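Just so you know, the sequences run in chain order W and P.
For the first sequence, position 69 (counting from the first letter as 1) is numbered 69 according to our numbering, and the numbering increases by one without interruption.
So the mapping is simple: our numbering equals the position in the second sequence, first residue as 1, plus 1000.
From the three backbone atoms N, C-alpha and C, an ideal C-beta is built for every residue, glycine too.
Everything numeric in this text was worked out from a predicted model, so none of it was measured.
Before any comments, here is the structure.
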Amino acid sequence: MTASVLSNTAGTGTTQPIPSLSVEGVSVAYSGGQVALRDVTLHLNAGTICGLIGLNGAGKSTLFKTIMGFLPTRQGQVLVHGQPVHMAQRGGLIAYVPQSEEVDWTFPVSVEDVVMMGRYGHMGRLRRPSRHDRDVVTHSLNRVGMIDFRGRQIGELSGGQRKRAFLARALAQEGKLLLLDEPFGGVDASTSDTIMGLLRDLRDEGHTVLISTHDLGSIEALCDTVALLAGRTVLASGPTREVFTPENLGRVFGGLPMLTPNGSVVVTGSQPKSPNPSPTNTGAN
Amino acid sequence: MEVLTTLLAPLQYDFMLRALGISALVGAVCAVLSCFVTLKGWSLMGDAVSHAVLPGVVLAYLVGVPFIVGAFVFGLGSVTAIGFIQSRSRVKEDTVIGVVFTGLFALGLLLLSKVPSDVHLSHILFGDVLGIRDTDVIQTIIVGVIALISIMVLRKDLMLFVFDPTHARSIGLNTTFLHYALLTILALTIVTALQTVGVILVVAMLITPGATAYLLTDKFNRMIWIAVGCGVLSSLLGTYFSYFLDGATGACIVLMQSLFFAAAFLFAPKHGQLALARQRVRDQSAA
Chain W
1 MTASVLSNTA GTGTTQPIPS LSVEGVSVAY SGGQVALRDV TLHLNAGTIC GLIGLNGAGK
61 STLFKTIMGF LPTRQGQVLV HGQPVHMAQR GGLIAYVPQS EEVDWTFPVS VEDVVMMGRY
121 GHMGRLRRPS RHDRDVVTHS LNRVGMIDFR GRQIGELSGG QRKRAFLARA LAQEGKLLLL
181 DEPFGGVDAS TSDTIMGLLR DLRDEGHTVL ISTHDLGSIE ALCDTVALLA GRTVLASGPT
241 REVFTPENLG RVFGGLPMLT PNGSVVVTGS QPKSPNPSPT NTGAN
Chain P
1001 MEVLTTLLAP LQYDFMLRAL GISALVGAVC AVLSCFVTLK GWSLMGDAVS HAVLPGVVLA
1061 YLVGVPFIVG AFVFGLGSVT AIGFIQSRSR VKEDTVIGVV FTGLFALGLL LLSKVPSDVH
1121 LSHILFGDVL GIRDTDVIQT IIVGVIALIS IMVLRKDLML FVFDPTHARS IGLNTTFLHY
1181 ALLTILALTI VTALQTVGVI LVVAMLITPG ATAYLLTDKF NRMIWIAVGC GVLSSLLGTY
1241 FSYFLDGATG ACIVLMQSLF FAAAFLFAPK HGQLALARQR VRDQSAA
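Written as structure tokens, this is what we have:
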């Protein structure tokens, strides 16, 4: 939809472009004082897909929340297209899809209503959708293959369909930077394929995508760069070919991970779950 | 002909027309807000704020300012106290709410028993829309209209905040502002409803229409309209019947709302008990 399409060769130009996402020496602590992230540095150039890899509890979701400004940083700064995060959010530059949506699935909204929420940042005070907003919503629903479900109440969707619906909302935001926490978690193979194709298209349109994933089998096919997260910091990041090596993975997973035939990863010695960073019990009744 | 004369009898009295008008307005404002309150899971919060305003009303009477002012100050004060205590202690939210509102309500009852007997004040407990005074009519209309306009302007943002606060934050909305805006509107709305149904029953106005509408539709906008329909109709019918029953008007209004809810619970086309039972039978025969 966007007319101005950035070239797909970011990072090799003569002048250094402003990174799409720049995380510079960021440290985060929970209110209890435990370290949540330690001196994290990560740069993403426009038009690239970066895969964030790490064990449960390494801090992947924490990093996403930190980039979104949901957790206060102790040190360092996060810039999105050279702007502080809250400015970038108001400017509609970032779309964020959390690992699991903590919403009330019986809420009286349809799939189309949910996707329209992605347009609120582009609307006036009363959030009345324009013709263009409706077109973008329809287009986004088409891209994730959910147009036939537009009138469904969201609780009537399967797990994969819910994921697609919320991905469509992120698309409707038309943000330059997409943050997707575990987009392939708990989805069927066809949804997984749809999402992967979509992410490549978005990259080719000049968007920047940061995903976290357990699915190491798809990293090389999908990601231009990877960032390895372990011990609550980024151990290494860079082009997939250079960083996504057995030695590095061994450092991240504390033992060589084995790829099973279906692409999932088995690592010896399962790690404990991450401590809960915040009271997540939102009083569902 | 005679039946008609009897049925229309209440409408020839000014106080009845005024009561019908005010209770309909209050019913409408409360109904709109009830959609947000029920979806947010703030029923207890509504109950708390409505009880906590009592000392404010008594004190306002003693000082000589409009009771609406005192009620609003204590309504907001209770909300702030709840938030403050909750953020600084390990006590769970519903417990904090219970502790704060019962404390304030008890203070109100004590003040009430110590203040020289005044009929007007006791009406705050149970409501007295038939005896509402002109100054209270005007105050109720002003505050009600302010509450209604505030909700309508913020409607979409509040809906998003209730549905998905994470997304609201991620597109740069100020969720702290929305949180307190919703609480402030809640306090305003409670203040408007005090004269009609009283402190004890006002929470019904703030949840029952929304709960009824929630059973009847899967669309948020439609939910608001259905709730308003239920709220206004309950107010009109309740006020009207209370004339013939010669009973408490607030109680009649709330009972009407309960009847609407019971009907929706049983007969709602998709989420009602009959429809769910029919669906179960269909599923079993299909299996």
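Interface partners of residue i on chain P, CB under 8 Å
| i | result |
| --- | --- |
| W:F244 | The contacting residues do not exist; W:F244 stays about 29 Å from chain P at best. |
| W:V103 | F1163 and D1164 |
| W:I94 | S1170 |
Proximity test, Cβ basis, 8 Å: residue i and chain W
| i | result |
| --- | --- |
| P:T1288 | Given a span of 1001 to 1287 for chain P in the structure shown, any question on residue 1288 of chain P remains unanswerable. |
| P:S1170 | yes |
| P:V1026 | no |
| P:M1045 | no |
| P:A1275 | no |
| P:F1220 | yes |
| P:L1109 | no |
| P:L1182 | no |
| P:V1003 | no |
| P:M1223 | yes |
| P:V1058 | no |
| P:L1033 | no |
| P:L1245 | no |
Residue i to residue j span [Cα, whole Å]
| i | j | result |
| --- | --- | --- |
| P:L1054 | P:K1114 | 14 Å |
| W:V80 | W:P19 | 8 Å |
| W:L141 | W:Y120 | 16 Å |
| P:A1268 | P:L1274 | 8 Å |
| P:I1082 | P:A1204 | 21 Å |
| P:L1020 | P:T1196 | 10 Å |
| W:G32 | P:S1150 | 38 Å |
| P:D1218 | P:A1060 | 43 Å |
| W:V97 | W:F166 | 7 Å |
| P:K1040 | W:R251 | 45 Å |
| P:T1192 | W:Q153 | 34 Å |
| W:G288 | W:G91 | Outside the displayed span of chain W (1 to 285) sits residue 288 of chain W, for which this structure offers no information. |
| W:P272 | P:F1260 | Because W:P272 sits at a pLDDT of 41, beneath the cut-off of 50, its placement in the model cannot be relied upon, and the point is left open. |
| P:A1287 | P:R1278 | 14 Å |
| W:L52 | W:M146 | 27 Å |
| W:L177 | W:T48 | 10 Å |
| P:T1249 | P:V1162 | 33 Å |
| W:D181 | W:S212 | 5 Å |
| W:H214 | W:G185 | 8 Å |
| W:A284 | P:I1124 | Low confidence applies here, because W:A284 scores a pLDDT of 37, under 50, leaving its location unreliable and the question unanswered by this model. |
Reduced DSSP category for residue i - H, G, I as helix; E, B as strand; rest coil
| i | result |
| --- | --- |
| W:S27 | strand |
| W:I94 | strand |
| W:P272 | In this prediction, W:P272 scores a pLDDT of 41, lower than 50, which makes its location untrustworthy; the coordinate-derived value is nonetheless stated afterwards. Reduced to three states, the DSSP call for W:P272 is coil. |
| W:R152 | coil |
| W:S158 | coil |
| P:F1267 | helix |
| P:T1005 | helix |
| W:S4 | Low confidence applies to W:S4: its pLDDT is 42, below 50, so where it sits in the model is not reliable enough to give any reading. |
| W:R74 | strand |
| P:R1088 | helix |
| W:V103 | coil |
| W:Q34 | coil |
| W:I18 | coil |
| W:H139 | helix |
Beta carbon proximity, residue i to chain P, threshold 8 Å
| i | result |
| --- | --- |
| W:M1 | Model confidence at W:M1 stands at a pLDDT of 41, short of 50, so the residue's coordinates are unreliable and nothing is read from them. |
| W:L6 | Reliability fails at W:L6, whose pLDDT of 41 lies under 50, so the model's placement of it is uncertain and the value that follows must be treated cautiously. Cβ-Cβ to chain P under 8 Å: no for W:L6. |
| W:F107 | yes |
| W:D113 | yes |
| W:R150 | no |
| W:P84 | no |
| W:P98 | yes |
| W:R90 | yes |
| W:Q173 | yes |
| W:Q75 | no |
Per-residue contacts from residue i into chain W (C-beta, under 8 Å)
| i | result |
| --- | --- |
| P:D1157 | Y120 and R127 |
| P:V1153 | R125 and L126 |
Closer than 9 Å at the beta carbon, the chain W residues around residue i
| i | result |
| --- | --- |
| P:Y1214 | T106 and P108 |
Beta carbon proximity, residue i to chain C, threshold 8 Å
| i | result |
| --- | --- |
| P:H1167 | No chain C appears in this structure, whose protein chains are W and P. |
Under 7 Å from the C-beta of residue i: neighbouring residues of chain W
| i | result |
| --- | --- |
| P:M1205 | Near P:M1205 there are no residues of chain W at all, since even the closest Cβ is about 20 Å away, more than 7 Å. |
Partners in chain P for residue i, counting only beta-carbon separations shorter than 9 Å
| i | result |
| --- | --- |
| W:M68 | T1166, R1169 and S1170 |
| W:M117 | K1156, M1159, L1160, F1163, D1164, H1167, A1168 and I1171 |
Any 3 or more C-beta pairs closer than 8 Å across the region 1222 to 1236 of chain P and the region 1028 to 1035 of chain P: yes
Are three or more beta carbon pairs between the region 92 to 108 of chain W and the region 59 to 69 of chain W nearer than 8 Å? yes
Is the number of C-beta pairs between the region 124 to 138 of chain W and the region 155 to 163 of chain W that are closer than 8 Å three or more? no
The region 1135 to 1153 of chain P touching the region 1077 to 1091 of chain P, judged by at least three CB pairs closer than 8 Å: no
The region 185 to 201 of chain W / the region 109 to 126 of chain W touching (three or more Cβ pairs under 8 Å): no
Inter-stretch contact at 8 Å, needing at least 3 Cβ pairs: the region 1124 to 1132 of chain P / the region 1160 to 1170 of chain P: no
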